[in-house]
């Protein structure tokens, strides 16, 4: 479990932005929690990198712009994670920080990271896709947004 | 799961009669302990599959069934296009045609004892493994199309494999009806530098010793002799298959309403076989199968290069290559007549019985070799197809041990370095780029493969031929 920096800005009643993993028989669940939908998406992306390596090992040396669009927030979430999977796979990158903006079913984001260095990152399981399993994007009673799904490794 | 949920037909057959929207029964093959240990999600998923249009006979789950995406892993279901049957991206899974192949070496275990560490190091160097590894082969667009059309036969034409291998691969190494034009740019991009790479997660290359023979005649026909060494490779269609799965799953889920399909779970995403989308998926999925077959052929070639250098007396003959995430067009007898069906096997192995016309002459009297991978550091099995599995499961059997513990929990319980040392003490050499990856794949995180294989044999789905113990494991 990790806590993002700069989450002090959240309203006091809403939990600070953070991410967590949750179990699945064969794969692993990623969950982002934040005061806004966009922050929940950012946190879930951090959780996804943490499936592959320890977040603190990833240096922020280059950034990639990502955009996607979907009719529903949950589909947008899966599309977001899959867009990151595609960037990681084709560019050979790992990401350690994200900035997400969401307006009218459209997501525009920046992902910062660096090329995979097998020795330094000791990458564990490759995330090969985000799935619809345990997929949920919702605002909890306490006001926090939660975005989660199982990722295939 | 609660045994009370089932109508127990025999010691190894657990049946759920159709209720609600189920069109056919659901059947799980397992012993009592395996049923007790199965996740409730298996019940939910195997009954959900029984609700899909055009399903024939029953929705089946093999003894290693566990919670998958839409379909259970270990699920088998066949659909009739004449009855509005569907093809499902969820029913094939993300790693299209993930599978196992075993090559016999003719070497005695003692012969590799002095070169064991060198063999492990050289295999680890020559076969790209883990994240960030790249294949030595970079495909142009034209090469990509040829690979997606030709599969293992393409690899052999390129000089990365042997002609004799082809008859030991399902469909002789080429899935017919592949349509590379339906494989997206992104899927191609993910594969450009990944040919001949093993990947990560539960994929591996193992050097194994034949420890026990259970069926002497079958073992003889398979070229398996006690005390000799074999090489087994487990991997699939890499990034390309995953990208195809991801894209079509989304499209099928979005268009289910338009096709008049009421999905009990979005991950059962499917389309009528005759629809434009169904046909497009079949064309892309078959191209994905060819990618996996070519990939395993190239990895075999890289393995043979290493043996040629340091154990030149070995000849690595392919015993067989099985795929366990597929949808295949097959003919099966149903209600007294032969029907062409679209058989989905998701984490399940095709297991044709003796006499099947698709088997090569040397294997036809025995039945198809069924290769069952165990967890790292435990054991694997070679089985053979039976006469009985046709009526039981469209000639299908289990595919492996299946996890009993999440990666999350495994990582907390074990340390990679310590596991490697413990296995080394037992004479097993592990090579992996990731110590955490080794911990997540700890032998204790998996079910007992012997229990799965015994239940498979007792149920009549396949019969045991040999047991293999690991000597070297190259782990992604």
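Chains as they are written, first to last, in this note's numbering: chain A, 1 to 153; chain B, 1001 to 1476. Virtual Cβ for every residue (Gly too), placed ideally from N, Cα, C.
Paired residues, beta bridge with residue i - DSSP
i: residue 68 (chain A); result: A:107
i: residue 34 (chain A); result: A:145
i: residue 23 (chain A); result: A:28
i: residue 1469 (chain B); result: B:1209
i: residue 1060 (chain B); result: B:1027 and B:1076
i: residue 1321 (chain B); result: B:1101 and B:1169
i: residue 1346 (chain B); result: B:1075 and B:1325
i: residue 139 (chain A); result: A:145
i: residue 1007 (chain B); result: B:1015
i: residue 1270 (chain B); result: B:1088
i: residue 993 (chain B); result: With chain B covering only 1001 through 1476, there is no way to say anything about residue 993 (chain B).
i: residue 129 (chain A); result: A:152
i: residue 51 (chain A); result: DSSP output for residue 51 (chain A) lists no bridge partner at all.
Nearest candidate by alpha-carbon position, reference residue i, set the options
i: residue 1138 (chain B); options: B:1307, B:1236, B:1103 and B:1196; result: B:1196
i: residue 1240 (chain B); options: B:1225, B:1188 and B:1127; result: B:1188
i: residue 16 (chain A); options: A:143, A:152 and A:153; result: A:143
i: residue 1145 (chain B); options: B:1117, B:1184 and B:1170; result: B:1184
i: residue 1325 (chain B); options: B:1232, B:1312, B:1276 and B:1347; result: B:1347
i: residue 1094 (chain B); options: B:1117, B:1374, B:1371 and B:1070; result: B:1070
i: residue 137 (chain A); options: A:46, A:59, A:30 and A:98; result: A:30
i: residue 1453 (chain B); options: B:1294, B:1426 and B:1400; result: B:1400
i: residue 1173 (chain B); options: B:1449, B:1126, B:1208 and B:1293; result: B:1293
i: residue 1033 (chain B); options: B:1064, B:1046 and B:1055; result: B:1064
i: residue 1148 (chain B); options: B:1230, B:1259, B:1278 and B:1295; result: B:1295
i: residue 1056 (chain B); options: B:1082, B:1476, B:1278 and B:1321; result: B:1082
i: residue 1030 (chain B); options: B:1018, B:1437 and B:1012; result: B:1012
i: residue 1344 (chain B); options: B:1320, B:1409 and B:1268; result: B:1268
i: residue 1398 (chain B); options: B:1456, B:1010 and B:1382; result: B:1456
i: residue 1096 (chain B); options: B:1409, B:1381, B:1218 and B:1349; result: B:1349
i: residue 1102 (chain B); options: B:1418, B:1373, B:1403 and B:1391; result: B:1373
Limits of the beta strand (DSSP E) - the one that residue i falls within
i: residue 1209 (chain B); result: 1204-1213
i: residue 1106 (chain B); result: 1099-1108
i: residue 1045 (chain B); result: Not the beta strand (DSSP E): residue 1045 (chain B) falls in the alpha helix (DSSP H), residues 1040-1049.
i: residue 1291 (chain B); result: Premise fails: residue 1291 (chain B) lies in the alpha helix (DSSP H), 1276-1310, not in any beta strand (DSSP E).
i: residue 1228 (chain B); result: 1228-1235
i: residue 1430 (chain B); result: 1429-1431
Chain-ordered chain A contacts of residue i [CB-CB under 7 Å]
i: residue 1132 (chain B); result: 92, 116, 118 and 123
i: residue 990 (chain B); result: Not covered by the structure: residue 990 (chain B). The range shown for chain B is 1001 to 1476.
i: residue 1444 (chain B); result: What residue 1444 (chain B) touches in chain A: nothing, since even the nearest Cβ is about 15 Å away.
Endpoints, alpha helix (DSSP H) assigned at residue i
i: residue 73 (chain A); result: 73-91
i: residue 1438 (chain B); result: 1435-1440
i: residue 1157 (chain B); result: 1152-1157
i: residue 1388 (chain B); result: That residue, residue 1388 (chain B), is in no alpha helix (DSSP H); it is neither H nor E in DSSP.
i: residue 1363 (chain B); result: No alpha helix (DSSP H) contains residue 1363 (chain B), which DSSP labels as neither H nor E.
i: residue 1416 (chain B); result: 1416-1425
Within chain B, the residues that residue i reaches when beta carbons sit closer than 7 Å
i: residue 131 (chain A); result: 1069 and 1267
i: residue 89 (chain A); result: 1190 and 1239
i: residue 18 (chain A); result: In chain order: nothing, as chain B lies at least about 16 Å away.
Interface partners of residue i on chain A, CB under 9 Å
i: residue 1244 (chain B); result: The contacting residues do not exist; residue 1244 (chain B) stays about 10 Å from chain A at best.
i: residue 1253 (chain B); result: 75 and 132
Classification of residue i by the beta-carbon crowding that lies within 10 angstroms, buried from 16 upward
i: residue 1474 (chain B); result: buried
i: residue 1176 (chain B); result: exposed
i: residue 1441 (chain B); result: buried
i: residue 75 (chain A); result: buried
i: residue 1110 (chain B); result: exposed
i: residue 1377 (chain B); result: buried
i: residue 1301 (chain B); result: buried
i: residue 1357 (chain B); result: exposed
i: residue 3 (chain A); result: Any reading at residue 3 (chain A) needs caution, since the residue's pLDDT is 44, under 50, leaving its predicted position unreliable; the model's value is listed next. With fewer than 16 Cβ atoms within 10 Å of its Cβ, residue 3 (chain A) is classed as exposed.
i: residue 6 (chain A); result: Its pLDDT being 43, under 50, residue 6 (chain A) is placed unreliably by the model, and the measurement read from it follows with that caveat. Exposed, since its Cβ has fewer than 16 Cβ neighbours within 10 Å.
i: residue 71 (chain A); result: exposed
i: residue 1165 (chain B); result: buried
Chain-ordered chain B contacts of residue i [CB-CB under 8 Å]
i: residue 28 (chain A); result: 1406, 1407 and 1408
i: residue 153 (chain A); result: 1200, 1201 and 1407
i: residue 52 (chain A); result: 1131
i: residue 24 (chain A); result: 1067 and 1406
Under 8 Å from the C-beta of residue i: neighbouring residues of chain A
i: residue 1021 (chain B); result: Ordered by position in chain A, no residue passes the 8 Å Cβ test against residue 1021 (chain B), which lies about 19 Å from the chain.
i: residue 1324 (chain B); result: Within 8 Å Cβ-Cβ: nothing; residue 1324 (chain B) doesn't reach chain A, min ~13 Å.
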